[in-house]
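Residue numbers (the UniProt record's numbering), protein chains in the order written: chain D, 1 to 173; chain B, 1 to 173; chain X, 1 to 173.
Notes to accompany the following structure.
Right under this line is the structure:
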């Protein structure tokens, strides 16, 4: 059965841990699809810390750009994508236009909704602060906001994490 | 019957679309009161995009400063004000003190609560990030926060939009 | 009876006022434990404004660093700690490492859970904006996020304030 679960929240809101809990509770085998690529020590640290917290038997894939293809090719019943926000950042870095990013998001949604199994999408809320000074950050905020809206709309369940606690946006309580 | 609906959320959270949906569902004629004035191409773009998404038969008013008067003079059963956050920004730009801004907000609330019909207030959450470096941004965050609190308190229904999905803060579920 | 209540929200979201309302409604005597120390006029202004809004008969303590000890020594049935976010900032300023900060938070939780009475913890959400430019702000966002998660998990009730209105994260509605 196809099921898409959307998990959003701020930085260090517990969204990854919550998504991993959902994946673990399924009792099924899990592919963890990471979109982050370490480009400095701080980043490598964060990635290493995250990885150490995941069950050792999970399959880990790393794909910064061709995420819809990676989701399509994953063989496990559960796929956890962490995260849309880094993926959108990567696409911008690779000179995708806004339209190309939204097209890629539409492909991701198509693949997720036509998959036999569960897809858990983790993302970030980045628009609840003061308007950023630089235009690139404003563009990122806009595009990620659109991607989040479309993915949330296409999901069966959606949760907002705050201080580690989930608020139900949609679906199960 | 007087009804005040408060719709808040981050940037690109879907708050304007949600408010427009509420206005459209009313089946009544709608005045769209825009507080934004385009001062550069990026802004003009945003405004144009928003306008293209609205029903063509809605009345559009533009009023950056004298918002209570504009709300009072609108003749349609439904008035959608988009948005408080830009209005507060405009008042600061025109050298209103904090007290004058709160006074203007009190007038808006008075006019909205004494109107025969529905007023939908759209605004932004801007206080969920790191404390901004510059004092003006901190002042904006404070004053908008106070305005939002007072308008939310005076409303019959209030919603927080996250990734396009509404959380009920107050009123109908 | 031990009760721990966690109140979070953005800047000017009404979280302090909500926490003070909970404390006042208890009908018990209250210790207000402030973690903020004024180091400039803007700050002094904010603190003075907050203080003027509190009932005159409350006991006010100021403790920027040794918060667990202060909570332990408070003699009233209700203790309101405002706020974790400033406390974490103070600990960073005093060169505490991340581990030392988390250890201090664990001590606070231990003291709060072993106290006969109510502890109300006020804090800030700071992770819902764009990733900050400077590393110190990123570290603060991370550490405060962890502290918030642990305190929220250890609480009996938890609320998110948005525009002055509470969303229940946990416990009573």
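Ideal placement from N, C-alpha and C gives every residue a C-beta, glycine not left out.
Taking residue 35 of chain B and residue 83 of chain B to be in contact with their CB atoms under 8 Å, please state how far apart those CB atoms are, rounded to whole angstroms. 6 Å
Cβ-Cβ separation, residue 5 of chain D to residue 120 of chain D (assumed contact under 8 Å), whole Å: 5 Å
At the level of alpha carbons, what is the spacing between residue 151 of chain D and residue 158 of chain X? 28 Å
Are at least three pairs of beta-carbons, each pair with one atom in the stretch 21-29 of chain D and one in the stretch 71-90 of chain D, less than 8 Å apart? yes
Determine the extent of the beta strand (DSSP E) in which residue 9 of chain X is found, giving its start and end residues. 3-9
Is residue 122 of chain X helix, strand or coil when you go by DSSP? strand
Take residue 125 of chain B as the anchor and find which of B/107, B/149, B/80 and B/102 has the nearest alpha-carbon. B/149
May I have the straight-line CA-CA distance separating residue 42 of chain X from residue 66 of chain X, to the nearest angstrom? 24 Å
Between residue 129 of chain X and chain D, is any beta-carbon pair separated by less than 7 Å? yes
Start and end of the alpha helix (DSSP H) containing residue 40 of chain B? Where residue 40 of chain B is concerned, there is no enclosing alpha helix (DSSP H), given that its DSSP letter is neither H nor E.
Would you report the Cα separation of residue 116 of chain D and residue 55 of chain B, rounded to the nearest angstrom? 39 Å
From residue 169 of chain X to residue 98 of chain B, what does the alpha carbon distance come to, in whole angstroms? 32 Å
So, helix, strand or coil for residue 107 of chain D, using DSSP? helix
Out of X/57, X/143 and X/105, point me to the one whose CA is closest to residue 69 of chain X's CA. Selected option, being the one with the closest Cα: X/105.
Is it true that the CB of residue 33 of chain D sits closer than 7 Å to the CB of residue 81 of chain D? yes
Cα-Cα separation, residue 114 of chain D to residue 10 of chain B: 31 Å
Strictly below 7 Å CB to CB, what residues from chain X border residue 113 of chain B? Going along chain X, no residue has its Cβ under 7 Å from residue 113 of chain B, so there is no contact; the nearest lies around 17 Å.
Does the Cβ-Cβ distance between residue 101 of chain D and residue 108 of chain D come in under 7 Å? No, the Cβ-Cβ distance between residue 101 of chain D and residue 108 of chain D is not below 7 Å.
Hey, does residue 145 of chain X have any beta-carbon neighbour from chain D nearer than 7 Å? Yes, contact with chain D.
Along the stretch 46-65 of chain D, where does the CB come closer than 8 Å to a CB of chain X? Name the residues. none
Enumerate in chain order the residues of its own chain whose CB-to-CB distance from residue 146 of chain B is below 7 Å, with the five nearest sequence positions on each side excluded. 102
How many Å lie between residue 122 of chain B and residue 60 of chain D at the Cα? Per the coordinates, the alpha-carbon of residue 122 of chain B lies some 42 Å from the alpha-carbon of residue 60 of chain D.
Determine the direct distance from the alpha carbon of residue 133 of chain B to that of residue 40 of chain X, and round the result to whole angstroms. 15 Å
If the cut is a Cβ gap below 9 Å, which residues of chain D does residue 125 of chain X touch? For residue 125 of chain X, the chain D residues whose C-beta falls within less than 9 Å of its own C-beta are 10, 13, 128, 162 and 163, listed in chain order.
Taking buried to mean at least 16 other C-beta atoms within 10 Å of its own C-beta, is residue 15 of chain D buried or exposed? It is buried - the Cβ of residue 15 of chain D has at least 16 other Cβ atoms within 10 Å.
Using a C-beta cutoff of 7 Å, does residue 24 of chain D count as contacting chain X? no
Classify residue 170 of chain D as helix, strand or coil using the three-state DSSP reduction. strand
For the stretch 94-105 of chain B, enumerate the residues whose C-beta is nearer than 9 Å to any C-beta of chain X, in chain order. Residues of the stretch 94-105 of chain B that bring their beta carbon within less than 9 Å of a beta carbon in chain X are absent altogether.
Along the beta strand (DSSP E) that carries residue 62 of chain X, what are the first and last residues, could you check? 59-62
Give every residue of the same chain whose Cβ lies closer than 8 Å to the Cβ of residue 86 of chain D, excluding the five residues on either side of it in the sequence, and list them in chain order. 35, 36 and 64
Between the CA atoms of residue 57 of chain D and residue 163 of chain X - distance to the nearest angstrom: 44 Å
One question on the structure: do residue 135 of chain X and residue 130 of chain B come within less than 7 Å of each other, judged by their Cβ atoms? In this structure, residue 130 of chain B does not lie closer than 7 Å to residue 135 of chain X by Cβ.
Evaluate residue 2 of chain B with the Cβ neighbour count: other Cβ atoms within 10 Å of its Cβ, from every protein chain shown; 16 or more gives buried, anything less gives exposed. exposed
Residue 82 of chain D, enclosing alpha helix (DSSP H) - first and last residue: Per DSSP, residue 82 of chain D belongs to no alpha helix (DSSP H); it is in the beta strand (DSSP E), 78-82.
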